[in-house]
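Engineer: Numbering (my numbering), first residue to last: -14 to 598.
Idealized CB from N, CA, C, for every residue including glycine.
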RNA sequence: GGCGUUGUAGCUCAGUUGGUUAGAGCGCCGCCCUGUCACGGCGGAGGUCGUGGGUUCGAGCCCCAUCAACGUCGCCA
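Written out as structure tokens, the structure is:
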């Protein structure tokens, strides 16, 4: 079982209103003692049956819940029919609501005070024996769940998650509507603009040899909406990126996409964090702080070893290079000689109870994070132990205790390396410690902003300068002068919203002057010809009085995942792709008839041999 | 593409150091049962242990390869 959010979201009754032509029909989760005496019709699935031979209980289920129906042998034909019922059969039951006999109420059930003795039963459809039991506590393998998604979706957990998703999306729409935003749709068949992620391409039949691309995001289109004078735009937008899926991302995903004219960075932050505050309050019934913490990118890396820090717990990365300078431990003493390195200490509360084997395992883990090794000391009651204990004399031990706040019973991990690598390794170890100590609670929500990213970074493979966000991001005011002298030192007007260690999304103030935008493209190594070929329409638009503008996009799937206490976005998407980007229910992607390829002017060069299974 | 974990009945899993006929719970089928709600009782069916190869007198277990799912790195403007 996954951990649950503390939000008490329940799936809403489908409707309390009877059908127009069937005034008796009620949902399965709504009946209570006040309905006693009413004649009703319950339509739903057979959730469970308890056949006592002379008396049959059937739990009838729909999205709203469960009502117990009883079948008595005195109703001959109805009873005989009830004996044939099996799980997931679809039934329509008529009867008059009655109070359950004293002592047989079920407090675990919302409708547990009452039951419906069946006067009539209609079997609307039979079900094959399902491959897994919807009512079971055990969760089938995800592969099975996705193959039979229509059955998986009947499980209360998925119904709850999709309900939360609906409420969150509705809250987002309400919020932006109240703040003067227009929801505007943008096309899904657009022009491929290289750079960034791999595009999904759609071949054109009418224009053989040409392709549309599915949008990686509506970025350029929303900027053009701003140039079009729409002022405030939002969209629940589907985005497509042909990259390998993970637990928190898949090839198609949904963003709340926002853009505004005549705004500065703080205006965007205020609107966006307001939207999250509104969502948490109205969809989840929870309050989040009135102003969210803000960290610079440099600070986030220094203190948490990540540009998306999990602030549900402290355990910060602490610099201790100075304490090792000139000391007995040569490796750290050497590292301490340069500011380009870091020696980071991580306190592990209670860590001295770990065995040598445990520390070895953590060391192995650190190596998978890219560490060359891991040093540690354990502050055991009977003295300091651990891999570098023999280099830690009393004064150093005292200084380390002072710096880290470590006490007897704790351990301290040390990561020493070039600053960037050391920070990242220590940051991941921090998450591991937090995880093991149970500090990453699924029902805690710690938002923060990360600001002050560099505008450019150096691509490690090619050595070329590339953008760190996207090429439309504006530099911080007054930093244009660094463009030629020291581009990597330029700070961007770019911001990330982070929740519990996940990047919910990012945004920026955009370049709104064509001349400057061209300068950025050129700095990224594009020629005038390339700029005009790929972005000509956009460059032209910028020349016709483009207003200053900026915005942001947040990942709905991740927001809902965290709100639901889930660890995979696939559990909050009705029909997700698996890790190989396949839809295993539909069996997509799949081949197409030769004629379809012919129409498109396409020819398949080779198909990899089909795996023998 | 790399690394890790997993793969045994429809589902969830156990299976000792390599040793006779591979087990459990749920589900399924049959019979019994009038107050259950994970109903209960009795009986039964259901497995080429992912696939291929190897080591061995003997492989669910060891080795190699491969496929798949999940996680992760690369990748994700």
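Assuming residue 146 is part of the alpha helix (DSSP H), what are its boundary residues?
Structural biologist: Position 161 of the first chain, counted from the start, is the residue given in the question as residue 146. Segment 141 to 163, the alpha helix (DSSP H) holding residue 146.
Engineer: Taking all protein chains shown into account, do 16 or more other C-beta atoms lie within 10 angstroms of the C-beta of residue 135, making it buried, or fewer, making it exposed?
Structural biologist: On the first chain, position 150 is the one that residue 135 refers to. The residue in question, residue 135, is exposed, as its Cβ has fewer than 16 Cβ neighbours within 10 Å.
Engineer: Where do the N-terminal and C-terminal ends of the beta strand (DSSP E) with residue 370 fall, by residue?
Structural biologist: Here the question's residue 370 lines up with position 385 in the first chain. Where residue 370 is concerned, the enclosing beta strand (DSSP E) stretches over 368 to 370.
Engineer: Looking at the strands, I want to know which residues DSSP matches up with residue 242.
Structural biologist: Along the first chain, read from residue 1 onward, the residue named residue 242 stands at position 257. Answer is 220 and 538, bridged to residue 242.
Engineer: In terms of residue numbering, what span does the alpha helix (DSSP H) encompassing residue 107 cover?
Structural biologist: For the purposes of this step, residue 107 is identified with residue 122 of the first chain, where counting begins at 1. Residue 107 -> not in any alpha helix (DSSP H); beta strand (DSSP E) instead, spanning 99 to 110.
Engineer: Do the CB positions of residue 475 and residue 464 come within less than 7 angstroms of each other?
Structural biologist: Numbered from its first residue, the first chain carries residue 475 at position 490. Numbered from its first residue, the first chain carries residue 464 at position 479. Yes.
Engineer: Here's the rule: buried if 16 or more other CB atoms are within 10 angstroms of the residue's CB, otherwise exposed. What is residue 528?
Structural biologist: Start at 1 with the first residue of the first chain, and residue 528 comes out as number 543. With fewer than 16 other Cβ atoms within 10 Å, it is exposed.
Engineer: Alpha carbon to alpha carbon, what distance is there between residue 550 and residue 127?
Structural biologist: Counted from its first residue, the first chain places residue 127 at position 142. Counted from its first residue, the first chain places residue 550 at position 565. Taking the straight line joining both Cα atoms gives about 17 angstroms.
Engineer: Just how far apart, CA to CA, sit residue 394 and residue 367?
Structural biologist: Indexing the first chain from 1 puts residue 394 at position 409. Indexing the first chain from 1 puts residue 367 at position 382. Answer to the nearest angstrom: the Cα atoms are 10 angstroms apart.
Engineer: Over what stretch of residues does the beta strand (DSSP E) that includes residue 488 continue unbroken?
Structural biologist: Translated into the one-based positions of the first chain, residue 488 becomes position 503. Element bounds for residue 488: 487 to 494.
Engineer: Decide if residue -8 is buried, meaning its Cβ has at least 16 other Cβ atoms within 10 Å, or exposed.
Structural biologist: Here the question's residue -8 lines up with position 7 in the first chain. For residue -8, the predicted structure reports a pLDDT of 47, less than 50, and the residue's modelled location is therefore unreliable. A value from the coordinates is still provided. The residue in question, residue -8, is buried, as its Cβ has 16 or more Cβ neighbours within 10 Å.
Engineer: Starting from the N-terminal side, write out each stretch of the alpha helix (DSSP H) that is 4 residues or longer and does not extend beyond the stretch 289 to 348.
Structural biologist: You should have 306 to 309 and 315 to 320.
Engineer: Let me make sure I understand the geometry here. Which of 95, 294 and 67 has the alpha-carbon closest to that of residue 603?
Structural biologist: The first residue shown for the chain is -14 and the last is 598, placing residue 603 beyond what the model contains.
Engineer: My output table needs one value for residue 185: the three-state DSSP class, helix, strand or coil.
Structural biologist: Indexing the first chain from 1 puts residue 185 at position 200. Of the three classes helix, strand and coil, the one that applies to residue 185 here is coil, per DSSP.
Engineer: With which residues is residue 374 paired in a DSSP beta bridge?
Structural biologist: What you label residue 374 is simply residue 389 of the first chain in a count that begins at 1. DSSP lists no partner for residue 374.
Engineer: List the endpoints of the continuous alpha helix (DSSP H) containing residue 447.
Structural biologist: Numbered from 1 along the first chain, position 462 holds the residue referred to as residue 447. Residue 447 -> no alpha helix (DSSP H), and no H or E assigned at all.
Engineer: Whose C-beta lies closer than 7 angstroms to the C-beta of residue 558 among residues of the same chain, with five residues either side of it excluded?
Structural biologist: For the purposes of this step, residue 558 is taken as the residue at position 573 of the first chain. Taken in chain order, the residues that qualify are 542.
Engineer: Nearest CA to the CA of residue 119: which residue from 53, 109, 144 and 188?
Structural biologist: The sequence position of residue 119 within the first chain is 134, counting from 1. Ranking the options by Cα distance to residue 119, first place goes to 144.
Engineer: Pick out whichever of 411, 183 and 431 has its Cα sitting closest to the Cα of residue 271.
Structural biologist: Here residue 271 is taken as the residue at index 286 of the first chain, counted from 1. With distances taken between Cα atoms, residue 271 lies closest to 431.
Engineer: Only counting the same chain, and skipping five residues up and downstream in sequence, which positions put a Cβ closer than 7 angstroms to that of residue 198?
Structural biologist: Numbered from 1 along the first chain, position 213 holds the residue referred to as residue 198. Here the set comprises 175, 176, 177, 184, 185 and 186.
Engineer: Any idea what DSSP makes of residue 568, helix, strand or coil?
Structural biologist: Taking the first chain and counting its residues from 1, one reaches residue 568 at position 583. Strand at residue 568.
Engineer: Tell me the DSSP bridge mates of residue 75?
Structural biologist: As a first step, residue 75 is located in the first chain; it is residue number 90 there, counting from the start. Residue 75 is bridged to 30 and 110.
Engineer: Using 10 angstroms around the beta-carbon of residue 52, count the other beta-carbons present and answer buried if the total reaches 16, otherwise exposed.
Structural biologist: Position 67 of the first chain holds residue 52. With 16 or more Cβ atoms within 10 Å of its Cβ, residue 52 is classed as buried.
Engineer: Rounded to whole angstroms, how far is the Cβ of residue 486 from the Cβ of residue 294, which I believe are closer than 8 angstroms?
Structural biologist: Taking the first chain and counting its residues from 1, the one referred to as residue 486 is at position 501. Taking the first chain and counting its residues from 1, the one referred to as residue 294 is at position 309. Yes, they are in contact, since the Cβ atoms of residue 486 and residue 294 sit about 7 angstroms apart, within 8 angstroms.
Engineer: How should residue 522 be labelled, buried or exposed, when 16 other C-beta atoms within 10 angstroms of its C-beta is the threshold for buried?
Structural biologist: Position 537 of the first chain, counted from the start, is the residue given in the question as residue 522. Flag for residue 522 reads exposed.
Engineer: Taking the alpha carbon of residue 322 as the reference point, which residue from 586, 19, 207 and 308 has its own alpha carbon closest?
Structural biologist: Looking up residue 322 in the first chain gives position 337. Looking at the Cα atoms, 308 is the closest of the given residues.
Engineer: Check whether the stretch 160 to 172 and the stretch 274 to 286 are in contact - that is, three or more C-beta pairs closer than 8 angstroms.
Structural biologist: In short, these stretches do not touch, since the Cβ pair count stays below three.
Engineer: Helix or strand or just coil, what does DSSP make of residue -9?
Structural biologist: Taking the first chain and counting its residues from 1, the one referred to as residue -9 is at position 6. Interpretation of residue -9 is limited by its pLDDT of 43, a score under 50 that renders its predicted location unreliable; the figure taken from the coordinates is listed afterwards. In this structure, residue -9 counts as coil in the three-state DSSP scheme.
Engineer: My output table needs one value for residue 442: the three-state DSSP class, helix, strand or coil.
Structural biologist: Walking along the first chain from the start, residue 442 turns up at place 457. If DSSP states are grouped into helix, strand and coil, residue 442 belongs with the strands.
Engineer: Look at the alpha carbon of residue 454 and the alpha carbon of residue 20, and state the distance between them as a whole number of angstroms.
Structural biologist: Walking along the first chain from the start, residue 454 turns up at place 469. Walking along the first chain from the start, residue 20 turns up at place 35. In a straight line, the C-alpha of residue 454 is about 58 angstroms away from that of residue 20.
Engineer: Buried or exposed for residue 258, please, with buried defined as at least 16 other CB atoms from any protein chain shown within 10 angstroms of its CB.
Structural biologist: Mapped onto the first chain, residue 258 falls at position 273. Residue 258 should be labelled buried.
Engineer: Rounded to the nearest angstrom, what separates residue 517 and residue 208 at their Cα positions?
Structural biologist: Residue mapping note: residue 517 aligns to position 532 of the first chain, counting from 1. Residue mapping note: residue 208 aligns to position 223 of the first chain, counting from 1. The straight-line gap from Cα to Cα measures roughly 17 angstroms.
Engineer: From what residue to what residue does the beta strand (DSSP E) around residue 363 run?
Structural biologist: In the first chain, the residue the question calls residue 363 occupies position 378. Segment 360 to 365, the beta strand (DSSP E) holding residue 363.
Engineer: Residue 469 lies in the beta strand (DSSP E); which residues open and close that run?
Structural biologist: Within the first chain, residue 469 is the residue found at index 484, counting from 1. Element bounds for residue 469: not the beta strand (DSSP E) but the alpha helix (DSSP H), 467 to 470.
Engineer: Report yes if the CB atom of residue 614 is closer than 7 angstroms to the CB atom of residue 495, and no otherwise.
Structural biologist: Given that the chain is displayed from residue -14 to residue 598, the structure contains no residue 614 and the question cannot be resolved.
Engineer: To the nearest angstrom, how far is it from the Cα of residue 79 to the Cα of residue 545?
Structural biologist: Your numbering for residue 79 matches position 94 in the first chain. Your numbering for residue 545 matches position 560 in the first chain. Straight-line Cα distance between these residues: approximately 38 angstroms.
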